[in-house]
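One structure is given below, encoded as structure tokens.
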Amino acid sequence: MAYLDLSHLEKSFGTNRVVKDFTLGIEQGEFVSLLGPSGCGKTTVLRMVAGFEQPSGGQIIIGGEDVTRLRPNQRKIGMVFQAYALFPNLTVAENVGFGLKVAGMAAGERNERVTEMLALIGLPEKGGHYPFQLSGGQQQRVALARALAPRPKVLLLDEPLSALDAKVRVSLRNQIRQIQRDLGITTIFVTHDQEEAMSISDRIVVMNGGIAEQVGEPFTIYNQPATRFVANFVGTLNTFEAVVDEPTTGTVTLDGQTVSLGKKIERLRGDKVTLALRPEALHLGQAPAPAMQLQATVREVHFMGSIIRVKAEVADTMVSLDTFNRPDTPPPQVGAAIQVHLNPGDFIALDGTA
Ligand code: ATP
């Protein structure tokens, strides 16, 4: 059994079944993200773990103890919310020490713990400040310190970065991850931002309509998406329509060319199939066989700094292609006819097609 074990969790609000047979084991010290679109049930799962929502079915075990029926304050869980949720009339130190005071910890020990927590979040000199004197990112660090001060068994983070601007978001997510690693605390992080989830997590749970569509490491989720939904939700996806020539060898016709995918296709000869490819697997210019060569017309060019995203029309389809910026090579021009190539082995399996 995993350290945090969610077993067949169910939650309905009236007739609306928002979490369906949700099972997940999280190891001690692991950082797991729940990723999915708005309304897919991420927050409801988190709130059930916290004890703010009673499951309609299933079980929650933490460290071998069944906590399903325990009140939130009996579960030894720390939680950070999207809004800063600090007490505005209390100082930073009083905010961090709040839970400890409620739990009856003596003043001396409490002060020591608060000092330790403020050092942990890199704000050792801010104890006497009030929340309004801090930036949004600093307030979230204080909220994190407050959640961690009672030394919880599990840390729950509900979109803690979404109210912050882009730069602060990235720096704070790295700090959260570092602190989480240093403490070795088991953590669930809720986000609808796929880049955020991929950059920070040991494993990601991609949720859709109340179910876990796929659970895996970011590398696997991105490169071997289990479903069409996961493939589309995580990252950008190009799709090409092809016709199966020989299922056993994975030979298809795409844009008038015969291509071997190098693996069996679970389809019949003559079937139409969709082949999917990430933007970074489509390359500018020509390449020797066995790469597949396609003609393209540039429709949009987005210079993004280290990456240039080119949108081009290929075989009657608009595709996205990512290429690294090279200071000595200007990006292609809109309207230009270009050659692109790809390695057929890079096609992503969708619905048993590749
Ligand atoms: P978001 O990213 O928008 O917060 P989410 O994936 O976290 O979305 P939830 O907040 O878990 O989704 O909500 C899942 C579904 O459950 C939604 O349809 C929502 O309207 C519904 N829901 C959540 N809480 C309640 C409630 N207390 N009463 C009724 N319906 C609710």
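According to our numbering, the stretch in the sequence shown is residues 12 to 365, in order. Idealized CB from N, CA, C, for every residue including glycine.
| Asked | Found |
| --- | --- |
| Glu170 CB to nearest heavy atom of the ligand ATP below 8 Å | yes |
| Near the ligand ATP: Gly52 beta-carbon under 8 Å from a heavy atom | yes |
| Paired residues, beta bridge with Ser44 - DSSP | Phe200, Ile215 |
| Inter-residue CB distance, Gly356 and Gly221 (contact presumed, cutoff 8 Å) | The Cβ separation is near 35 Å, so there is no contact. |
| Thr55: CB within 8 Å of a non-hydrogen atom of the ligand ATP | yes |
| DSSP three-state assignment for Val29, whether helix, strand or coil | strand |
| 6 Å Cβ shell around Ala298 - same chain, five flanking residues per side excluded | His352 |
| Check: Gly47 C-beta below 8 Å from any heavy atom of the ligand ATP | yes |
| Asn27 beta carbon near the ligand ATP (any heavy atom closer than 8 Å) | yes |
| Val201 Cβ short of 8 Å to the ligand ATP heavy atom set | yes |
| Exposure of Leu332, with buried meaning 16 or more beta-carbon neighbours within 10 Å | buried |
| Check whether Thr262 and Ser271 have beta carbons under 9 Å apart | yes |
| Beta-carbon proximity list for Ala156, same chain, < 6 Å, skipping 5 on both sides | Val107, Met128, Ile132 |
| The ligand ADP heavy atom lying under 8 Å from the CB of Glu127 | Of the ligands this structure carries, namely the ligand ATP, none is the ligand ADP. |
| Contact under 9 Å by Cβ, Gln186 with Arg152 | yes |
| Proximity test, Gly108 beta-carbon vs the ligand ATP heavy atom, cut-off 8 Å | no |
| Cβ-heavy atom distance, Met116 to the ligand ATP, below 8 Å | no |
| Given Arg28 as reference, the closest of Glu38, Pro66, Val325 once Cα atoms are compared | Pro66 |
| DSSP state of Thr126 mapped onto helix, strand, coil | helix |
| Gly221: CB within 8 Å of a non-hydrogen atom of the ligand ATP | yes |
| With 16 other Cβ atoms within 10 Å as the buried cut-off, status of Ala365 | At Ala365 the pLDDT is 47, less than 50, meaning the model places this residue with poor confidence; the figure from the coordinates comes in the next sentence. Counting Cβ neighbours within 10 Å, Ala365 comes out buried, since at least 16 surround it. |
| 9 Å Cβ cutoff met for Gln150 and Leu97 | yes |
| Nearest neighbour of Arg82, chosen from Gly139, Glu76, Ala61 [CA to CA] | Ala61 |
| Alpha carbon of Ala237 to alpha carbon of Phe244, nearest angstrom | 12 Å |
| Close beta carbons around Asn249, own chain, < 7 Å, minus the five adjacent residues each side | Ala287, Leu288, Pro290, Leu293, Val330, Ser331 |
| Where Asp176 falls: helix, strand or coil (DSSP) | coil |
| Entirely enclosed beta strand (DSSP E) segments - the stretch 238-284, minimum 3 residues | 249-257, 262-265, 268-271 |
| Strand pairing of Phe24, partner residues [DSSP] | Asn27 |
| Continuous alpha helix (DSSP H) stretch holding Leu155: start and end | 147-159 |
| Distance between Ala117 and Glu21 (C-alpha atoms, nearest Å) | 40 Å |
| Three or more C-beta pairs below 8 Å linking the stretch 319-326 and the stretch 303-311 | yes |
| Backbone CA spacing between Tyr14 and Phe24 [nearest angstrom] | 28 Å |
| Closest by C-alpha distance to Leu295, when choosing among Met315, Asn354, Arg278 | Asn354 |
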